[in-house]
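Peer 1: The structure's right below; bear with me while I get my questions together.
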Amino acid sequence: MAEPKTCQCGFTQTSLRTVGGPNIETYDIAIVGAGPAGLSAALYSARYCRRTLVLHDGTARASRIPLTHNAPGFDAGIAGTDLLEPMTRHAQKFGAQLVKARVLKLTAPESQFLLEDEKGAIWSARAVILATAL
Ligand SMILES: Cc1cc2nc3c(=O)[nH]c(=O)nc-3n(C[C@H](O)[C@H](O)[C@H](O)COP(=O)(O)OP(=O)(O)OC[C@H]3O[C@@H](n4cnc5c(N)ncnc54)[C@H](O)[C@@H]3O)c2cc1C
C-alpha cells in the first residue's frame, strides 16, 4: 500500500486501499473519459489531493476539432489536440494517472465502485465521474 503524503495544497493525500484481493487498490475518484470534461475533473480532483484515475479509450471528440474559437483563454482559436495535450499534462502534474482502457462495466458491489475494461482488467474507486460525452 502506498504511504500517505502531504501534497502542495496542504492536505494529506489518502492512501490507496486494497480491497477485494491483493491486486485491486481503491482510488478516491475514477474518471471515465479524457476529453475536456474528464481532464477538467481530473485536474480539480488531483489538485485537491484525491487519488485520481482517468480511464479513456482515446476517442475524444475534442481531438477531432480542427480549430475551436470558444475555448476559454485561446482567443486566436486552438486545435482540439493542442488543447488536450496541456490539459493532460496539467492533470498529470498534480498526480492524476491516465490509463488507456475501454470501460465496459461499472458495478457497485459494496462501498466502492468497480470498473472493468474489455480485457477484464478491474479498477476500484470510492467515486466515479462519467465524462464520456455522448
Ligand atoms: C469536428 C468537430 C468540431 C467541433 N468543434 C467544436 C467547437 O468549435 N467548439 C466546441 O465547443 N465544441 C466543438 N465540438 C464538440 C466538442 O468536441 C465536444 O463538445 C467536446 O469534445 C465534449 O467534451 P467531452 O470531454 O464531454 O467529450 P469528448 O471530448 O468526446 O471525450 C470523451 C472521452 O470519453 C472517453 N470514453 C468514451 N467512452 C468510453 C469508454 N467506454 N471507456 C473509456 N473511455 C471512454 C473517450 O476516449 C474520451 O476520452 C466539435 C466536435 C467535432 C467532432
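Residues 1 to 134 in the UniProt record's numbering are what the sequence shown spells out, letter by letter.
In this text, a Cβ means the ideal position worked out from N, Cα and C, and glycines have one as well.
Remember, predicted model here, so these are calculated numbers, not experimental data.
Compute every distance between the C-beta of G120 and the non-hydrogen atoms of ligand 1, then say whether any falls below 7 Å.
Peer 2: No, the beta carbon of G120 sits no closer than 7 Å to any heavy atom of ligand 1.
Peer 1: Evaluate the contact criterion for the stretch 38-52 versus the stretch 87-102: three or more CB pairs, one atom per stretch, below 8 Å.
Peer 2: The stretch 38-52 is in contact with the stretch 87-102.
Peer 1: Please state the DSSP three-state secondary structure of E85.
Peer 2: Correct three-state label for E85: helix.
Peer 1: Can you check the stretch 96-133 for any beta strand (DSSP E) of at least 3 residues that lies completely inside it and give the ranges in chain order?
Peer 2: 97-100, 103-107, 113-117, 122-130, all fully within the stretch 96-133.
Peer 1: Tell me which residues pass a beta-carbon proximity test against ligand 1: closer than 6 Å to any heavy atom, given in chain order.
Peer 2: Qualifying residues, in the order they occur: V32, G33, A34, G35, P36, A37, G38, L55, H56, D57, G58, T59, A60, R61, A62, R64, I65, T68, N70, R102, V103, A131, T132, A133.
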